[in-house]
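One structure is given below, encoded as structure tokens.
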Amino acid sequence: MTAEELNELIEQEVEANKLFVHSINVCVAAGCLSSHADQTLDALKKEVKAKGLDKEIKVKGVGCMGLCAAGPLVEIRDASNAAQVMYQGVQGEHAEQVVASAGKQSVQSLVCDTSIPFFAKQVKIVLENCGLIDPERIEEYIVAEGYRALQKCLQELAPTKVVEEVTKSGLRGRGGAGFPTGLKWATVAKAQNKQKYVICNADEGDPGAFMDRSVLESDPHRVLEGMAIAAYATGANRGYIYCRAEYPLAVKRLKNAIKQAERVGILGQGIMGTTFNFTVEVRLGAGAFVCGEETALIHSIEGKRGTPRPRPPFPAQSGLWGCPTLINNVETFANIPPILRKGGAWFASIGTEKSKGTKVFALAGRVSNTGLVEVPMGMKLREIVFSLGGGIPDGKKFKAVQTGGPSGGCIPEQFLDMEVDYDSIAKVGSIMGSGGMIIMDETSCMVDVAKFFMEFCKSESCGKCVPCRVGTSQMYDILCKVTDGTATPEEIAMLEELCDLLKSTSLCGLGMTAPNPVLTTMKYFRNEYDAHIQGKKCPAGVCKIKAAQEVLV
Amino acid sequence: MNSTLASQIVTLKIDGKDCGARGDETILSVARENGIDIPTLCHYDGLTDIGACRICLVEVKGSPKLFAACSTLVTEGMEVSTNSPRLQRYRKTILELLFSERNHVCAVCVSNGHCELQAMAMKLGLTHVRLPYRYPNLKVDATHTRYVQDDNRCILCQRCVRVCAEIEGAHVWDIMGRGIEARAITDLNEPWGASTSCTSCGKCVHVCPTAAIFEKGKSAGEMVKRSFVSELAAKREVYE
Amino acid sequence: MSSISAMPAPPSSDKRWKLVDAAIKRHGRAGHSLIECLHTMQECFGYLDEQGLKYVATALNLPLSKVYGVATFYHIFSLKPQGEHTCVVCMGTACYIKGAPQILAALEEKYGVKPGETTKDNKLSVLTARCIGSCGLAPAVVFDGDVGGKMVSSDALKRVEKWMNI
Ligand SMILES: Cc1cc2nc3c(=O)[nH]c(=O)nc-3n(C[C@H](O)[C@H](O)[C@H](O)COP(=O)(O)O)c2cc1C
Ligand code: SF4
Ligand code: SF4
Ligand code: FES
Ligand code: FES
Chain L
15 MTAEELNELI EQEVEANKLF VHSINVCVAA GCLSSHADQT LDALKKEVKA KGLDKEIKVK
75 GVGCMGLCAA GPLVEIRDAS NAAQVMYQGV QGEHAEQVVA SAGKQSVQSL VCDTSIPFFA
135 KQVKIVLENC GLIDPERIEE YIVAEGYRAL QKCLQELAPT KVVEEVTKSG LRGRGGAGFP
195 TGLKWATVAK AQNKQKYVIC NADEGDPGAF MDRSVLESDP HRVLEGMAIA AYATGANRGY
255 IYCRAEYPLA VKRLKNAIKQ AERVGILGQG IMGTTFNFTV EVRLGAGAFV CGEETALIHS
315 IEGKRGTPRP RPPFPAQSGL WGCPTLINNV ETFANIPPIL RKGGAWFASI GTEKSKGTKV
375 FALAGRVSNT GLVEVPMGMK LREIVFSLGG GIPDGKKFKA VQTGGPSGGC IPEQFLDMEV
435 DYDSIAKVGS IMGSGGMIIM DETSCMVDVA KFFMEFCKSE SCGKCVPCRV GTSQMYDILC
495 KVTDGTATPE EIAMLEELCD LLKSTSLCGL GMTAPNPVLT TMKYFRNEYD AHIQGKKCPA
555 GVCKIKAAQE VLV
Chain W
14 MNSTLASQIV TLKIDGKDCG ARGDETILSV ARENGIDIPT LCHYDGLTDI GACRICLVEV
74 KGSPKLFAAC STLVTEGMEV STNSPRLQRY RKTILELLFS ERNHVCAVCV SNGHCELQAM
134 AMKLGLTHVR LPYRYPNLKV DATHTRYVQD DNRCILCQRC VRVCAEIEGA HVWDIMGRGI
194 EARAITDLNE PWGASTSCTS CGKCVHVCPT AAIFEKGKSA GEMVKRSFVS ELAAKREVYE
Chain C
34 MSSISAMPAP PSSDKRWKLV DAAIKRHGRA GHSLIECLHT MQECFGYLDE QGLKYVATAL
94 NLPLSKVYGV ATFYHIFSLK PQGEHTCVVC MGTACYIKGA PQILAALEEK YGVKPGETTK
154 DNKLSVLTAR CIGSCGLAPA VVFDGDVGGK MVSSDALKRV EKWMNI
């Protein structure tokens, strides 16, 4: 597709949309779909047709609007795309009322108040299109300034300039470790190799995190555009998206998006009339958390067991089939098009000194508003949990926020006023991770939580290296004894020794970070450990402490 | 990539000793060339290194991380320390983990006195295991006419997998499952004796560090292993 | 160097092998497509049997042990058949702290099956997942592919009971 053709397509789409006075957007991302948003969408379409309004009202499926727990969510927008009202919990039976309310009095019983902090305090870069465009139509992405950044790169910027812009933005990898993205791109760009690859890490293995899923389901073209720009900048011509098989809808939308992009010549050979070639393929995971680790992921794409290998060499030097390979996370790629459109300096103006831009967080657990929020880096943890998240429901008391999944830790109340960015979270012993935030209240036992994550690491360990394979198993056994009240002080000392061993000697990040949940809970909730060990009692009433007689037997 | 590395000459320090090496050499091989011993378990001369046992970890000045000597290439100016108290402590604990993982009963083992795991325990001064033994219930496969596989003694070093795939070219062995449930298997986890791919060459028998694979008809202490693989690997050629 | 052997004949005349065949050929019988091919086979048959694994190994020119190693590494692959219906309880963090363990316990109490097991009449398999990305609706349970959010034990039992009575 040439620039003229792109403009033509935009004009056609804008022209077609002019006819509509209103659009009714129905969230058809996974969260709302499990509340049967597909039936809501059907009912609304039928209603509009039945009332003969199909020339004036456009009913369409869109991506995630964030407040998944209140789904299905429906939004009515006018011709200028300004929002009239958002409805929550819309079922098929509400179709008549909803359609009738377009441009008129809203249905009060369904209104979802978008002036609450959950919506009002968000700053959307990655999610800017989510909830606005139909993820299954490339035209809508293009009208929303999509593929403009790629076009600009191909026509105006040399690959080195693209890398410079990304470096200038200060963007750090959103997959967990926060590695500077520009630096990684520069390494791959520098490698002298004809064949290079770009891989998008869409394995999203942290339980409790669903940001990447939402981006893929709501705005798949944004990820493709980010990958294409990366390929141009680094000299790659093939890309893979490694997506977990637990996300069938994301896979379907990605494959559909790839097909559409190929059809209009945005992917494939001679992209936009230049000599740049880039093809993308989706590869499925198969239920292995460790495959989020980059070298394991590469092995998995190669059709092997997903076991990591020692680094160096890093994938940027020797990755897929031994070729230099750029691996970035979904959200990292999703940040790329706006950075190239608006400039690295613009991006760098948002966030904190060392963590630029925004971060998408998935709020889940014991918090009133569960769902996705995108906020500038540096927002206070308290604000995220209590203002956007709406605090703890049922009058319960806050206990901890778990970030970073099994590689992260539990952050207690005393750090609620910390500004959330990579470095501050690391300072308290957890990690930013991919952005999952699980809020826990007094009903959770922190030793039980530590045991939960150790069980996770034990069964997700690939088994290649000794410290992680046997160490997680031994640590899990000790934690079981703590939760049933039979652990001895020597065993606690051994637990601490194993934490240090795994951190220092494991082959990959899984084993190295597996101790984090134990270390943070031991540090901040030592009283709960003591209560189990010495007091033979679980303060939260979660663990079943063995009675003294049972212990003797 | 390796051809350019091979032509680079680098200098480095290992335990204070100045060493010269080619850029494609590992820390382990340079150390050994210079008479510095780094303990290893999964490494086997002539086979690809995988960095699995973590016994060979060393410190490199300027990095908080530890590196597996067997699978880390030397670089210019590197300063390696191979035997600090911290490393010694870690190695011992890793060995304890290995002993606790399966059912190692040295006194009645055919490899008693010739076992690399046992030898490593002596070398590192491990006198007792502080961790509880896990006592998994594991199989012994004696269906092969000449050899026996005993999971109770396997340390998952993958030497058998590598020698069979890389040197013999039969790839009879692989690892199934993952984590603590991982096991060495032949073919589709079928009895070794029924294997359609095994050539009965015996290479796996001789690379196995313990008596997880041994020859039939040996009694306690009789199983001695030969080393010929590195020679085989070095002499490999394409004829014509 | 290596020569490609002739494509083997499928294990049986079952039409579903055509789909597995197509997947194998779509990737040019390349060894790296193993995981994709196993996915297709599991979609078609519900699980991976020994004959099928042998077939895929031969078609892709891969060692048997390697295929078995891969099939058992990834937890999505199952080497034994599932029951008529599957009930997958998410045991990810969000679901865990919101009561997923209680749902599992209720299922176990009522039907006598632990995660990974199938009832004797072969009607129901209970499985667990590591997070299905519906954390906003925790706890989540997937009934034959249909995600149910904000589940409580009684709802889950009701949905399962419907299958059991047919
Ligand atoms: C055990 C483990 C699991 C990981 N899982 C993921 C994941 O699910 N998604 C992801 O993007 N990165 C994951 N990572 C991080 C990746 O290895 C890698 O750093 C990342 O994809 C790089 O992309 P980025 O620079 O854009 O963050 C994981 C790392 C480890 C050690
Ligand atoms: S740390 Fe764990 S997951 Fe990583 S290589 Fe070692 S055993 Fe495998
Ligand atoms: S059988 Fe022997 S060689 Fe093979 S993995 Fe086990 S210990 Fe290593
Ligand atoms: S010898 Fe280096 S990790 Fe085993
Ligand atoms: S934790 Fe259950 S869906 Fe994520």
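Residue numbers (my numbering), protein chains in the order written: chain L, 15 to 567; chain W, 14 to 253; chain C, 34 to 199. Cβ atoms here follow ideal geometry from the backbone N, Cα and C, with glycine treated the same way. Bear in mind that the values here come from a model prediction, so they are computed numbers and not experimental data.
What would DSSP say about V567 (chain L), mapped onto helix, strand or coil?
Annotation note: pLDDT 44 at V567 (chain L) (below 50); position unreliable, coordinate value reported separately. In this structure, V567 (chain L) counts as coil in the three-state DSSP scheme.
Check whether the Cβ atoms of L137 (chain W) and S98 (chain C) sit closer than 9 Å, and answer yes or no.
no
Within 9 Å of any Cβ in chain W, is that where the Cβ of S438 (chain L) sits?
no
Beta-carbon gap between S48 (chain L) and S167 (chain C) smaller than 9 Å:
Yes, these two residues count as a Cβ contact at 9 Å.
Helix, strand or coil for K411 (chain L), going by three-state DSSP, please let me know.
coil
Output, in chain order, the set of chain B residues within a Cβ distance shorter than 7 Å of G385 (chain L).
Among the protein chains of the structure shown, namely L, W and C, there is no chain B.
Is I226 (chain W) helix, strand or coil by DSSP?
Three-state DSSP puts I226 (chain W) in a strand.
Looking at S458 (chain L) and A302 (chain L), is the spacing between their C-beta atoms short of 9 Å?
Not a contact, by the Cβ cut-off of 9 Å.
Determine whether the Cβ of G485 (chain L) lies closer than 9 Å to any Cβ atom of chain W.
yes
Is A163 (chain L) near ligand 4, judged by its Cβ being under 8 Å from some heavy atom?
no
Cβ contact check for the segment 124 to 135 of chain W and the segment 45 to 58 of chain W: 3 or more pairs under 8 Å
yes
Quick one, are the C-beta atoms of C41 (chain L) and G145 (chain L) less than 9 Å apart?
Their beta carbons are under 9 Å apart, which means C41 (chain L) touches G145 (chain L) by this criterion.
Between A83 (chain L) and C126 (chain L), which are expected to be in contact by the criterion C-beta below 8 Å, what is the C-beta distance as a whole number of angstroms?
The pair is not a contact, with the Cβ atoms about 11 Å apart (cut-off 8 Å).
Answer with yes or no whether the minimum CB distance from T161 (chain C) to chain W is below 9 Å.
Judged by the 9 Å Cβ criterion, T161 (chain C) is not in contact with chain W.
Answer yes or no: does any C-beta atom of chain L fall closer than 9 Å to that of E114 (chain W)?
yes
Should W50 (chain C) be labelled buried (16 or more other beta-carbon atoms within 10 Å of its own) or exposed?
buried
Per DSSP, what kind of secondary structure is N342 (chain L) in: helix, strand or coil?
strand
Please report the Cβ distance between Q165 (chain L) and L20 (chain L), rounded to the nearest whole angstrom; I am assuming they are in contact, meaning their Cβ atoms lie under 8 Å.
7 Å
Y101 (chain C): contacting residues in chain W (beta-carbon distance under 8 Å)
D187, M189, I198, D200, L201 and N202
In whole angstroms, what separates the C-alpha of M14 (chain W) from that of E89 (chain W)?
Bear in mind that a pLDDT of 47 at M14 (chain W), under 50, signals an unreliable position, so the number given afterwards is only what the model happens to contain. Cα to Cα, the separation comes out at about 17 Å.
For the structure I just gave you, are there three or more beta carbon pairs, one from the segment 405 to 425 of chain L and one from the segment 214 to 234 of chain L, closer than 8 Å?
yes
Could you name the residues that DSSP lists as bridge partners for T293 (chain L)?
L:R252
Cutting at 7 Å between CB atoms, please list the residues of its own chain near S45 (chain C), excluding the five before and the five after it.
none
Taking CB distances under 9 Å as the criterion, tell me whether I130 (chain C) reaches chain L.
yes
Buried or exposed (CB count within 10 angstroms, at least 16 for buried), H72 (chain C):
buried
Could you list which residues in chain L have their beta carbon closer than 9 Å to that of E69 (chain C), in chain order?
R297, L298 and G317
Where K216 (chain W) falls: helix, strand or coil (DSSP)
helix
Would you mind reading off the limits of the alpha helix (DSSP H) that contains H546 (chain L)?
R540 to I547 is the extent of the alpha helix (DSSP H) around H546 (chain L).
In whole angstroms, what separates the C-alpha of E250 (chain W) from that of A300 (chain L)?
39 Å
Alpha carbon to alpha carbon, how far is L354 (chain L) from E239 (chain L)? Give it in angstroms, no decimals.
11 Å
Other residues of its chain near T534 (chain L): CB distance less than 7 Å, five sequence neighbours each side excluded:
G423, C424, G443 and S444
May I ask you to report which of helix, strand or coil DSSP gives P221 (chain L)?
coil
What do you reckon, is the C-beta of P481 (chain L) under 8 Å from a heavy atom of ligand 2?
yes
Give every residue of the same chain whose Cβ lies closer than 6 Å to the Cβ of G306 (chain L), excluding the five residues on either side of it in the sequence, and list them in chain order.
Result list for G306 (chain L): D217 and G219, in chain order.
Can you list, in chain order, the residues of its chain whose CB lies under 6 Å from that of T161 (chain C), leaving out five sequence neighbours each side?
V122, M124 and P148
Within a Cβ cutoff of 8 Å, which residues of the same chain sit near G284 (chain L), ignoring the five residues on either side of it in sequence?
F290 and N291
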